[in-house]
Amino acid sequence: YSYAAAALMNPSIVAHPDQSGLTDGSVRVAMSLRAVGEGHISSVAFREGILGPGPVFELMPEPPFATAADTARELEAGAVEVHRNRDSSLSGTVLFPMTEAQRNGLEDLRLVEFRHDDGSTEWLGTYTAYSGSTIRSELLRTRDFRQFVLAPMGGPAARNKGMALFPRKVKGWYMMAGRQDGENIFLLRSRKLDQWGEGEVLITPKYPWEMVQMGNCGSPIELDEGWLMLTHGVGAMRKYSIGAVLLDKDDPSKVIGRTSQPVLSAVNEDREGYVPNVVYTCGALKHGELLFVPYGVADSSVAFAFVPIADLLSAMR
32 YSYAAAALMN PSIVAHPDQS GLTDGSVRVA MSLRAVGEGH ISSVAFREGI LGPGPVFELM
92 PEPPFATAAD TARELEAGAV EVHRNRDSSL SGTVLFPMTE AQRNGLEDLR LVEFRHDDGS
152 TEWLGTYTAY SGSTIRSELL RTRDFRQFVL APMGGPAARN KGMALFPRKV KGWYMMAGRQ
212 DGENIFLLRS RKLDQWGEGE VLITPKYPWE MVQMGNCGSP IELDEGWLML THGVGAMRKY
272 SIGAVLLDKD DPSKVIGRTS QPVLSAVNED REGYVPNVVY TCGALKHGEL LFVPYGVADS
332 SVAFAFVPIA DLLSAMR
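Whatever position you read off the sequence shown (first residue = 1), add 31 for the numbering used here.
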């Protein structure tokens with residue numbers, strides 16, 4: 032089965048749990064990708080790489096064949112536990128749809144390295160499960176990228192797509208960015224990771240490049256200045272561009288600034304592909320004073336950009 036025959040897109044990136052054997056200034060990363068195969072079925076593929084020192088990124092070799100993660104057992108409330116094949120690397124692992132709700136695809140995983148109240152770290156990711164007729168948001172959980180739990184989320188917000196979790200609680204609340212009305216970015220709060228209400232409107236389209244609709248481009252990134260969140264905007268001719276906003280660290284419902292022009296936008300060589308006029312990411316990573324942004328190009332390939340964070344903040348209004 033050619034799991035990426037049709038498209039490869041919408042990457043998300045986090046620091047890898049294994050940081051052994053690296054030179055100073057380097058970070059091992061785990062990157063997820065939405066792979067679209069025969070029958071337009073989406074699955075989650077992974078790649079590993081080394082970031083740094085400085086603005087350098089090296090992808091690890093991809094094995095000639097990928098291995099499907101095995102379903103270990105079904106859990107309560109529609110959740111499943113899956114294990115990576117013992118002999119396969121993360122770069123050679125694919126998560127395929129496993130439940131009826133996921134039958135037609137696992138779409139747009141947004142990974143985040145989440146710090147719990149007790150100081151422990153867990154890698155979480157929201158994604159869209161598509162049954163062929165309905166969608167819902169689900170949650171992936173792992174502590175080692177070998178064993179994964181995939182579980183549905185409840186509440187009105189979970190009936191939509193494009194949810195992105197903050198990397199820690201804010202004043203005792205789990206927080207998400209979402210898009211509940213197909214046009215605006217919403218801020219959601221919850222006491223439980225798996226239950227999400229409607230939330231409140233956080234950001235509405237303002238500039239021409241985002242006038243059709245807006246959404247998040249992955250989990251907010253914590254800076255001294257506040258929460259940096261990449262956004263996507265859709266403008267004329269269904270052109271997708273990537274921008275950014277800065278939210279107050281203690282009260283993320285307050286928008287400190289936003290870019291009036293796109294940070295990344297489709298240019299001539301990006302216009303043709305599976306879906307033309309699209310650049311899109313499901314998550315970036317802070318690397319020193321730089322923001323490392325993997326992004327999909329026309330839903331056909333993945334490119335990488337380094338953006339100085341200071342320049343990004345200074346461009347905000």
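We put the CB at the ideal spot given by N, CA and C, even for glycine.
With a CB to CB cut of under 6 angstroms and the five nearest residues on each side skipped, what residues in its chain are close to residue i?
| i | result |
| --- | --- |
| Tyr34 | Ala66, Gly68, Ser74 and Val125 |
| Tyr205 | Ser221 and Leu224 |
| Pro48 | Asp175 |
| Glu105 | Val111 |
| Asp55 | none |
Is the CB of residue i under 8 angstroms away from at least one CB in chain D?
| i | result |
| --- | --- |
| Val309 | This model lacks chain D altogether, as it is built from one protein chain only. |
One question on the structure: do residue i and residue j come within less than 8 angstroms of each other, judged by their Cβ atoms?
| i | j | result |
| --- | --- | --- |
| Ala100 | Ala76 | no |
| Arg146 | Ala195 | no |
| Phe337 | Pro42 | no |
| Met245 | Asn215 | yes |
| Ala182 | Asp148 | no |
| Gly266 | Arg289 | no |
| Glu231 | Ser284 | yes |
| Trp154 | Phe176 | yes |
| Pro339 | Glu253 | no |
| Gly80 | Met62 | yes |
| Ala46 | Leu261 | no |
| Gly109 | Ala132 | yes |
| Gly52 | Pro94 | no |
| Ala189 | Asn247 | no |
| Trp240 | Gly264 | yes |
| Gly193 | Gly249 | no |
Kindly give me the distance between the Cβ atoms of residue i and residue j, rounded to whole angstroms, as I take these residues to be in contact under 8 angstroms.
| i | j | result |
| --- | --- | --- |
| Trp258 | Leu277 | 7 angstroms |
| Asn191 | Gln178 | Actually they are not in contact, since the Cβ atoms of Asn191 and Gln178 sit about 28 angstroms apart, beyond 8 angstroms. |
| Ser332 | Leu39 | 6 angstroms |
| Asp139 | Thr159 | 6 angstroms |
| Val113 | Met129 | 7 angstroms |
| Leu219 | Gly228 | 7 angstroms |
| Leu295 | Val324 | 7 angstroms |
| Ile44 | Val60 | 5 angstroms |
Use the C-beta contact count for residue i: other C-beta atoms within 10 angstroms, 16 or more gives buried, fewer gives exposed.
| i | result |
| --- | --- |
| Asp301 | Caution is warranted here: a pLDDT of 49 is assigned to Asp301, below 50, making its placement in the model unreliable, and no coordinate value can be reported. |
| Leu322 | buried |
| Leu137 | buried |
| His71 | exposed |
| Thr235 | exposed |
| Tyr271 | buried |
| Thr312 | buried |
| Leu170 | buried |
| Ala36 | exposed |
| Arg348 | exposed |
| Pro251 | buried |
| Ala297 | buried |
| Pro92 | exposed |
| Arg115 | buried |
| Thr152 | exposed |
| Arg78 | buried |
Looking only at its chain, what residues have a beta carbon closer than 7 angstroms to the beta carbon of residue i, apart from the 5 residues adjacent to it on each side?
| i | result |
| --- | --- |
| Arg269 | Asn308 |
| Ile287 | Gly257, Leu277, Leu278 and Asp279 |
| Arg134 | Pro128, Ser162 and Gly163 |
| Tyr32 | Gly68 and Glu69 |
| Gly186 | Gln226, Trp227 and Gly228 |
| Arg167 | Ala132, Ala160, Pro183, Ala189 and Arg190 |
| Gly213 | Gln244 |
| Lys200 | Asp148 |
Please go through the same chain and pick out, in chain order, the residues whose beta-carbon is closer than 8 angstroms to the beta-carbon of residue i, but skip the five residues on each side of it.
| i | result |
| --- | --- |
| Ala341 | Glu320 |
| Tyr326 | Pro42, Ile273, Leu295, Val310, Tyr311, Thr312, Val333, Ala334, Phe335 and Ala336 |
Scan the segment 184-247 and note each continuous beta strand (DSSP E) run of 3 residues or more that stays entirely inside, going in chain order. The segment 184-247 contains these whole beta strand (DSSP E) runs: 205-209, 216-221, 231-234 and 244-247.
Can you list the beta strand (DSSP E) stretches of 3 or more residues lying completely in the segment 265-326, in chain order? Those beta strand (DSSP E) runs which fall completely within the segment 265-326 and span 3+ residues are 271-278, 286-289 and 316-318.
Scan the segment 126-167 and note each continuous beta strand (DSSP E) run of 3 residues or more that stays entirely inside, going in chain order. For the segment 126-167, whole beta strand (DSSP E) runs of length 3 or above, ordered along the chain, are 136-146 and 152-161.
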